[in-house]
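This report refers to the structure that appears directly beneath it.
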Amino acid sequence: MRGRSKGHQVTWRQALRKDWRLYTFLVLPVVFLIIFRYVPMLGNVIAFRRFRPGGSMFGDEWVGLYYVEMFINDPTFWRVFTNTLILGGLTLIIVFPLPVILALLLNELRSRKFKRFVQTVTYLPHFMSIVIVAGVVLQLTSLNGTINQILAGVGMDQISFMQDPSWFRPIYVSSEIWQTVGWGTILYLAALTTIDDQLYEAARIDGANRWSQTWHITLPGIRPTMVVLLILNIGQFMAVGFEKILLLYNPLIYSTADVISTYLYRVGIQSGSYSYSTAIGLFEALIGLTLVLSANAISRRVVGSSLW
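As structure tokens, then:
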């Protein structure tokens, strides 16, 4: 039997020779990853070397931790770092649970037409361009926008939303809710279909109400999906939506709207301080990697499921 089992084992060369047509579909994605994901990592060396435009792409001279010390002693960096933590934390705490709640509510609906209508309305913003989303937000919150027109119509004072730093965070989180909750709901609804209906029937026979069924059957059933999405969201914790913030913010609200990604854009692309911006970007990437590894290890130990 051992001899037969070893004889029937297929080596990777035999599998490649047999199904080479299928493996050719991997060529373009692998080439894309190598060119646009792994090769640019070599450029991180200029975080420790002085880069001058027109010189070597890997820098002209070794400066060690000069740029690291530079951003550590920069008060502007710590301001944008704090803004990144606050916006990332608000997005994770507020936005992440909402798709779970909406999926549970839709799962309880009996009318399929109304359920499909709600799903369509909620997930359509996910397919809209960031430019369109930012344009809608700016139109709603401008001085002559829809919200201020409503306030003026009921006799209230108009609010300068995009000139007041205290309003940016609620506006950003609200736009994230509008744009992302529907898509996340689809993922959880798909996970709900994998739960065995016999578990609910057994729970009803034992006298469990809807809340008990949700708590003891539904939530444990979608827990692996929740864990995977949570780890992915934690990995993007520091990479707060660059495009949306860049389109929404202005110098008047830098105190609350400026984050690491937009600061890197201004310092690196607009000012030409490539080595300094690379050092900050490398610091941000290390924090993101640490968060992902920590979240995955904690999830595997506490919950029993993880991304890898």
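Just so you know, we're using our numbering here: the sequence shown kicks off at 849 and counts up by one.
Yeah, the Cβ is synthetic: ideal placement off N, Cα and C, and Gly gets one too.
Quick caveat, the model's predicted, so the values are computed rather than measured.
Bridge-paired residues (DSSP) for residue i
i       : result
Trp-910 : Arg-897
C-alpha gap between residue i and residue j, whole angstroms
i        : j        : result
Met-1010 : Pro-1099 : 10 Å
Thr-1104 : Leu-972  : 29 Å
Val-858  : Leu-1077 : 35 Å
Ala-951  : Ala-1056 : 21 Å
Thr-1042 : Leu-864  : 33 Å
Ser-959  : Ser-1119 : 57 Å
Ala-1087 : Val-911  : 27 Å
Thr-1062 : Gly-1032 : 18 Å
Ile-1079 : Ala-1143 : 6 Å
Trp-860  : Ser-1154 : 28 Å
Ser-1147 : Thr-1073 : 12 Å
Leu-1139 : Ile-1053 : 43 Å
Pro-1180 : Lys-866  : Missing from the structure shown is residue 1180; the chain here goes from 849 to 1156 and no further.
Gly-886  : Val-984  : Here residue 886 turns out to be Tyr, not Gly, going by the sequence shown. The straight-line gap from Cα to Cα measures roughly 36 Å.
Ile-882  : Asn-1081 : 24 Å
Val-928  : Phe-944  : 23 Å
Ala-895  : Val-878  : 27 Å
Arg-850  : Trp-868  : Reliability of the predicted coordinates at Arg-850 is poor, the pLDDT of 46 falling under 50, and the value obtained from them is presented with this limitation in mind. Computed Cα separation, rounded: 29 Å.
Thr-924  : Thr-930  : 10 Å
Gly-1152 : Ala-1145 : 10 Å
Val-966  : Leu-1035 : 15 Å
Thr-968  : His-974  : 11 Å
Arg-1149 : Trp-1156 : 12 Å
Pro-888  : Trp-926  : 26 Å
Ile-941  : Gly-891  : 34 Å
Thr-932  : Ser-977  : 23 Å
Trp-957  : Ile-1093 : First, the residue type needs correcting, since residue 957 is Leu and not Trp in the sequence shown. Whole-angstrom Cα-Cα distance: 36 Å.
Sub-8 Å separation of residue i and residue j beta-carbons
i        : j        : result
Leu-1040 : Ile-1070 : yes
Ile-1117 : Glu-1132 : no
Leu-1047 : Leu-954  : no
Val-981  : Gln-1027 : yes
Gly-907  : Phe-899  : yes
Gly-1136 : Gly-1083 : yes
Leu-991  : Ser-1008 : yes
Leu-1223 : Ser-1125 : The structure shown does not extend to residue 1223, since the chain is modelled only from 849 to 1156, so the question has no answer here.
Ser-1121 : Arg-897  : no
Ala-1051 : Val-916  : no
Val-1021 : Leu-913  : no
Thr-994  : Leu-988  : yes
Gly-936  : Phe-1085 : yes
Under the three-state DSSP convention, the category residue i falls into
i        : result
Glu-1091 : helix
Arg-958  : coil
Tyr-1113 : helix
Leu-946  : helix
Val-966  : helix
Tyr-1097 : coil
Gln-1011 : helix
Gly-903  : coil
Lys-854  : Residue confidence is low: Lys-854 scores 49 on pLDDT, short of 50, so the model does not pin down where it sits. Its coordinate-derived value is still stated next. In the structure shown, Lys-854 sits in a helix (DSSP, three-state: H, G or I).
Ile-1043 : coil
Asn-1057 : coil
Gln-1006 : coil
Met-849  : Because the pLDDT of Met-849 is 40, which lies under 50, any placement of that residue in the model is unreliable, and the question is left without a value.
Met-836  : As displayed, the chain neither begins before 849 nor continues past 1156, which places residue 836 out of reach and without an answer.
Trp-1063 : helix
Leu-953  : helix
Leu-870  : helix
Trp-1156 : coil
Ala-1051 : helix
beta-carbon residue i near the ligand ATP non-hydrogen atom, thresh 7 Å
i        : result
Met-1074 : Absent from the structure shown: the ligand ATP. Ligands present: none.
N- and C-terminal bounds of the alpha helix (DSSP H) containing residue i
i        : result
Leu-935  : 923-938
Thr-994  : 994-1001
Trp-860  : 860-866
Trp-1031 : 1016-1040
Asp-1106 : Taken as a continuous stretch (DSSP letters only), Asp-1106 belongs to no alpha helix (DSSP H), as it is neither H nor E.
Ala-1133 : 1122-1150
Gly-1069 : 1067-1083
Gln-987  : 978-989
Leu-972  : Premise fails: Leu-972 is in no alpha helix (DSSP H) and is neither H nor E.
Leu-890  : Run containing Leu-890: none; DSSP gives neither H nor E here.
Phe-884  : Premise fails: Phe-884 is in no alpha helix (DSSP H) and is neither H nor E.
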